[in-house]
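**Q**
In this note's numbering, the protein residues as written are 49 to 203.
(1) Does DSSP put residue 145 in a helix, in a strand, or in coil?
(2) Across the segment 54-73 and the segment 98-105, are there enough close Cβ pairs to call them in contact, namely three or more that are closer than 8 Å?
(3) Within a Cβ cutoff of 6 Å, which residues of the same chain sit near residue 132, ignoring the five residues on either side of it in sequence?
(4) Return the Cβ separation of residue 193 and residue 126 in integer angstroms, given the expectation that the two are a contact with Cβ distance under 8 Å.
(5) By Cβ distance, which residues of its chain are closer than 6 Å to residue 50, with the 5 residues on each side in sequence left out?
(6) To the nearest angstrom, how far is it from the Cα of residue 185 to the Cα of residue 114?
(7) For residue 110, I'd like the list of residues in its chain whose CB is within less than 6 Å of its CB, leaving aside the five on either flank, ordered along the chain.
(8) Rounded to whole angstroms, what is the Cα-Cα separation between residue 198 and residue 76?
(9) With residue 174 as the anchor, note down where its alpha helix (DSSP H) starts and where it stops.
(10) Tell me which residue opens and which closes the alpha helix (DSSP H) that residue 66 is part of.
(11) Enumerate in chain order the residues of its own chain whose CB-to-CB distance from residue 189 is below 6 Å, with the five nearest sequence positions on each side excluded.
(12) Which residues in the same chain have their Cβ closer than 6 Å to the Cβ of residue 116, if we skip the five residues on either side of it in sequence?
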C-alpha cells in the first residue's frame, strides 16, 4: 500500500471485501488490516458491519475452514489449531465447531503417520528412550494431545 495515500471509506470497504473474498478471514485479521488506514472508530465499525452483512466476514465459517486447512494441509493437531484460533480472538464455542470438522479417524491416522515418519527419520538414534522423547516432543509441537501420542506409540 502506498504511504500517505488517502482512501474513501467506500474504497477501503471494497479493498477489505476483496481481502476477505480471497481467503476466509476473521474479524481480528480484518481489524489489523483496518488499522493501516487510520480510520475513526465509527468508520471501522461501519466497514466491519458491511463485511458481516454481506457475508464477507463470518467467524464460524472462518473457524471451520481454518481447522480443516491446518489439519488436512499442515497436519496440525487440535491443540495447535485451538491455540491459533484463540490468538485470533475466536470464541470457544466456534473453536469447538471448527474442530468438529476434523474426522476422528483421519486425526488418529495422521498422528500414526507422523509418528512413523519421525521414527524413520531418527533411525540413527541409538537410545530408544531418547528417540521416543524426540518423537513425543515433535508430536506435541505439532499440537497433538499427550494421550493420543501414548496410544499411537504403543502400536
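Heads up, the beta-carbon is just placed ideally off N, CA and C, and yes, glycines get one too.
Only a predicted model underlies this, so the values are computations on that prediction, with no experimental measurement involved.
**A** If we stick to the structure as given:
(1) When secondary structure is reduced to three states using DSSP, residue 145 falls in the helix class.
(2) Verdict: yes, contact present.
(3) Counting only Cβ-Cβ distances below 6 Å, and skipping sequence neighbours, we find nothing.
(4) The distance from the Cβ of residue 193 to that of residue 126 is about 7 Å, consistent with a contact at the 8 Å cut-off.
(5) Annotation note: pLDDT 47 at residue 50 (below 50); position unreliable, coordinate value reported separately. The beta carbon of residue 50 sits closer than 6 Å to no other beta carbon from its chain once the five residues preceding and following it are set aside.
(6) Cα to Cα, residue 185 sits roughly 24 Å from residue 114.
(7) Closer than 6 Å at Cβ, skipping near neighbours: 72, 74.
(8) Near 35 Å, if we compare the C-alpha coordinates of residue 76 and residue 198.
(9) Unbroken run through residue 174: none, as it is neither H nor E.
(10) Looking at the DSSP string, the run of the alpha helix (DSSP H) that includes residue 66 is 57-70.
(11) Result list for residue 189: empty, nothing under 6 Å.
(12) Cβ contact annotation for residue 116 (same chain, cutoff 6 Å, sequence separation greater than five): 149, in chain order.
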